[in-house]
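Asker: Note that the protein sequences, when read in sequence, are chains A and B.
Just so you know, we're using full-length UniProt numbering here: the first sequence kicks off at 1 and counts up by one.
Just so you know, we're using full-length UniProt numbering here: the second sequence kicks off at 1 and counts up by one.
Supplied in C-alpha cells, the structure appears directly below.
Protein chains: 2
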Amino acid sequence: MGKKIGVILSGCGVYDGAEIHESVVTLLAIDRNGAEAVMCAPNVDQLHVVNHLTGEVDEGATRNVLVESARIARGEIRDVTEVSADELDALILPGGFGAAKNLCDFAVNGPDCKVDAGVAALVRAVHEQGKPVAAVCIAPALLAKVLGDEGPELTIGNDADTAGAMATMGAAHVECPVTEFVVDQDRKLISSPAYMLAQNIAEAAEGIEKTVAALIEMT
Amino acid sequence: MGKKIGVILSGCGVYDGAEIHESVVTLLAIDRNGAEAVMCAPNVDQLHVVNHLTGEVDEGATRNVLVESARIARGEIRDVTEVSADELDALILPGGFGAAKNLCDFAVNGPDCKVDAGVAALVRAVHEQGKPVAAVCIAPALLAKVLGDEGPELTIGNDADTAGAMATMGAAHVECPVTEFVVDQDRKLISSPAYMLAQNIAEAAEGIEKTVAALIEMT
Numbered sequence: 001m002g003k004k005i006g007v008i009l010s011g012c013g014v015y016d017g018a019e020i021h022e023s024v025v026t027l028l029a030i031d032r033n034g035a036e037a038v039m040c041a042p043n044v045d046q047l048h049v050v051n052h053l054t055g056e057v058d059e060g061a062t063r064n065v066l067v068e069s070a071r072i073a074r075g076e077i078r079d080v081t082e083v084s085a086d087e088l089d090a091l092i093l094p095g096g097f098g099a100a101k102n103l104c105d106f107a108v109n110g111p112d113c114k115v116d117a118g119v120a121a122l123v124r125a126v127h128e129q130g131k132p133v134a135a136v137c138i139a140p141a142l143l144a145k146v147l148g149d150e151g152p153e154l155t156i157g158n159d160a161d162t163a164g165a166m167a168t169m170g171a172a173h174v175e176c177p178v179t180e181f182v183v184d185q186d187r188k189l190i191s192s193p194a195y196m197l198a199q200n201i202a203e204a205a206e207g208i209e210k211t212v213a214a215l216i217e218m219t
Numbered sequence: 001m002g003k004k005i006g007v008i009l010s011g012c013g014v015y016d017g018a019e020i021h022e023s024v025v026t027l028l029a030i031d032r033n034g035a036e037a038v039m040c041a042p043n044v045d046q047l048h049v050v051n052h053l054t055g056e057v058d059e060g061a062t063r064n065v066l067v068e069s070a071r072i073a074r075g076e077i078r079d080v081t082e083v084s085a086d087e088l089d090a091l092i093l094p095g096g097f098g099a100a101k102n103l104c105d106f107a108v109n110g111p112d113c114k115v116d117a118g119v120a121a122l123v124r125a126v127h128e129q130g131k132p133v134a135a136v137c138i139a140p141a142l143l144a145k146v147l148g149d150e151g152p153e154l155t156i157g158n159d160a161d162t163a164g165a166m167a168t169m170g171a172a173h174v175e176c177p178v179t180e181f182v183v184d185q186d187r188k189l190i191s192s193p194a195y196m197l198a199q200n201i202a203e204a205a206e207g208i209e210k211t212v213a214a215l216i217e218m219t
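In C-alpha cells, the structure reads:
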C-alpha cells in the first residue's frame, strides 16, 4: 500500500487561499510517486475574500477555508482536527497567501503571528513522530513559527524581508533557486520557493516535483 | 516566440466551474511545450454555487465565472469576448461541470442546450481559421453543439447517455480510454475523457498531457 501524505490546504486561490497550481502539482506528484494524498484544512473563515480578477478585497464577503479547499480536493477533504499524525507517513503544506492568512496570520503579524491550533498540532505531531514535513512558497514561514525553537533550516527563496522575519522566529534561512529545494536532514524538513520566485508554472512545478519526491524518499 | 494557446475556463471547482486539476495540468503542459496560455472566460454569473465539501447547492449564493476563473489564472485572464481568434494558434477547453453549466447549459438541457455567445463565437472563429481546437472531459459536448453540423469525431470516454446526446447534436462519438485522446484530423479537433473516466489525477493528467502536445503539434 502506498505511503499516505497529508496535504494541508488553506483555501482556493493564490491571494486569499492555497495557490492552486502549487496544490495541484503537489497532488499529481504524490500520485505519480505511488503515494496517496490525505487532504485537510482548518474549518474556519478565511481572513478575507479577494477578487482575483481585480486584486481587491471583496468587502463583506466570507468564505470557509475547508469548504473552499474542497474545490481543489474534489470533495475528498477533512477538517484538519480530524486527521491524526498516526495515519500519515509525511506532511506537506503548499503555499499561496492562504498559508500566511488562514493557516497562520504571518501576512498580518509577521514574526508575532499565531498559527491555527489544529494546523500547529498536526505539524508538531507529525514532526515529533520523526516523519518528514515539507512546505512550499510562503508556507515555510509557518514551519518557522511552529518549530523555530529547533533552529530549522528553511527557504522561501531569497526575499530579504521574509527571510529576516523567519530568522526572528528562530529559523536559519537558506537561499534557494526556484527549481531546487532545501533539506534539513536532521529535522526532516524540506522546503522550496515555488511562486515566491517562479516566473511561470513550469518553474514552480519543477521545484515542487523534486520536493515531493524527496519527501516520499525520506519516509 | 511560442505558440499562443487560448484556454477557456468556466469557473473554479469541478461541481460548478472548471475542473481545477484538468485546468492546471493543461496550463503546465502548455508551458512545458514552449507555448503560452491565453486564458479567458465569460463574464457571466455561474449557473449556481456548489459547496464542494457537501456537494449541496448553496442557495442564494452567486459567483461570476470570469472572477472565479481568475483564481486558476492568478489574475491573468480576460473576458472571452475580448479575445480574438487572430491572436491564437489553437484553443483548448478544460472540463468540469462549469463547461456544461456556465459555458453552455448542456447539464440542464442536454442536446437542446444553448452555448454562451462569446464562447461559441471564439470556438467558431478559431475553427474557421483552420486552427486546432481541443476539449477535455465533458467540454467536447460544447464542441458537438457548436460544430455538430460538420459531424465531428469526439470523445467523452464511454458514458452511453452523454455519447447519445452528442450524437443527437451531430457528433460521431468515439470511445476512448482515459489516458488516450481522439483526433479528428480533418476538422482539427482533439478530445480526451479526463475525469469523465479518471480514477485519480495521474490518469487524467496523462490524457491531457498527450492532448496538449498533439494540439500544439497540430498548429
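C-beta atoms are modelled at their ideal positions from N, C-alpha and C, and glycine is treated no differently.
Remember, it's a predicted structure, so these values are computed and weren't measured experimentally.
1) I need the boundaries of the alpha helix (DSSP H) containing D16 of chain A, first residue and last residue.
2) List, in order along the chain, the chain B residues whose C-beta lies closer than 9 angstroms to that of V14 of chain A?
3) For a test of the three-state rule: what should DSSP assign to L91 of chain B, helix, strand or coil?
4) Can you tell me which of B:A134, B:A194 and B:C113 puts its alpha carbon nearest to the alpha carbon of I216 of chain B?
5) Using a C-beta cutoff of 8 angstroms, does D159 of chain B count as contacting chain A?
6) Let's test the definition: count the other Cβ atoms within 10 Å of the Cβ of T168 of chain B and tell me whether it reaches 16, buried, or not, exposed.
7) Can you list, in chain order, the residues of its chain with a C-beta nearer than 6 angstroms to that of K101 of chain B? Leave out the 5 residues immediately preceding and following it.
8) Is the Cβ of I201 of chain B closer than 8 angstroms to any Cβ of chain A?
9) Is it true that the CB of P42 of chain A sits closer than 8 angstroms to the CB of V7 of chain A?
10) Alpha carbon to alpha carbon, how far is G75 of chain A from G55 of chain B?
11) Where does I8 of chain B fall in DSSP's three states?
12) Helix, strand or coil: how does DSSP classify L189 of chain A here?
13) Just the C-alpha distance for D186 of chain A and A90 of chain A, rounded to the nearest angstrom, thanks.
14) Please confirm whether D89 of chain A has its beta-carbon closer than 8 angstroms to some beta-carbon of chain B.
15) Do the segment 57–67 of chain B and the segment 194–209 of chain A meet, that is, are 3 or more Cβ pairs less than 8 angstroms apart?
16) For V44 of chain B, go through chain A and note every residue whose CB falls closer than 9 angstroms to its CB, in chain order.
17) Using CA atoms only, rank isn't needed, just tell me which of B:E203, B:A165 and B:P140 is closest to V183 of chain B.
18) Can you tell me whether S10 of chain A is buried or exposed? The criterion is at least 16 other CB atoms within 10 Å of its CB, across all chains shown.
19) Under 8 angstroms, Cβ to Cβ, is there at least one residue of chain B near H173 of chain A?
20) Could you name the residues of the same chain whose beta carbon sits closer than 7 angstroms to that of A120 of chain B, not counting the 5 residues immediately before and after it, in chain order?
21) Closest to A172 of chain B by CA distance: which of B:T155, B:I20, B:D159 and B:A70 is it?
22) Should V49 of chain B and D16 of chain B be called a contact, given that it needs their Cβ atoms to be closer than 8 angstroms?
23) Is the segment 16–30 of chain B close to the segment 90–99 of chain B, with three or more CB pairs under 8 angstroms?
24) Which residues mark the beginning and the end of the beta strand (DSSP E) in which A135 of chain A is found?
25) Identify which residue in A:A117, A:A213 and A:V14 has its Cα closest to the Cα of H52 of chain A.
26) Kindly list the residues whose CB is nearer than 8 angstroms to the CB of A205 of chain B, restricted to its own chain and excluding five residues on each side of it in sequence; keep chain order.
27) Got a sec: is the Cβ-Cβ distance from G148 of chain B to anything in chain A below 8 angstroms?
28) Once DSSP output is grouped into helix, strand and coil, what is the label at A99 of chain A?
29) Could you tell me the distance, in whole angstroms, from the CA atom of I30 of chain A to the CA atom of L27 of chain B?
30) Please state whether DSSP places H52 of chain A in a helix, a strand or coil.
31) Find the residues of chain B that neighbour G55 of chain A, judging by a C-beta separation of less than 8 angstroms, and give them in chain order.
32) Taking C-beta to C-beta, are I77 of chain B and S69 of chain B nearer than 8 angstroms?
33) What does D31 of chain A reach in chain B if we use C-beta pairs closer than 7 angstroms?
34) If you drop the 5 nearest sequence neighbours on each side, which residues of the same chain put their C-beta closer than 8 angstroms to that of K114 of chain B?
35) Tell me which residue opens and which closes the alpha helix (DSSP H) that A85 of chain A is part of.
36) Within the same chain, show all residues whose beta-carbon is closer than 8 angstroms to that of G151 of chain A, passing over the 5 residues directly before and after it, in chain order.
Answerer: So, from the data block:
1) Note, D16 of chain A: premise wrong, no alpha helix (DSSP H); not H, not E.
2) R71, R74 and G75
3) strand
4) B:A134
5) no
6) exposed
7) L47 and A107
8) yes
9) no
10) 8 angstroms
11) strand
12) strand
13) 15 angstroms
14) no
15) no
16) Here the premise fails: no neighbours, minimum Cβ distance about 13 angstroms.
17) B:P140
18) buried
19) no
20) V146
21) B:T155
22) yes
23) yes
24) V133 to V136
25) A:V14
26) H21 and V25
27) no
28) helix
29) 19 angstroms
30) coil
31) G75
32) yes
33) N200, I201 and A202
34) C104 and D105
35) Where A85 of chain A is concerned, there is no enclosing alpha helix (DSSP H), given that its DSSP letter is neither H nor E.
36) G170, A171 and A172
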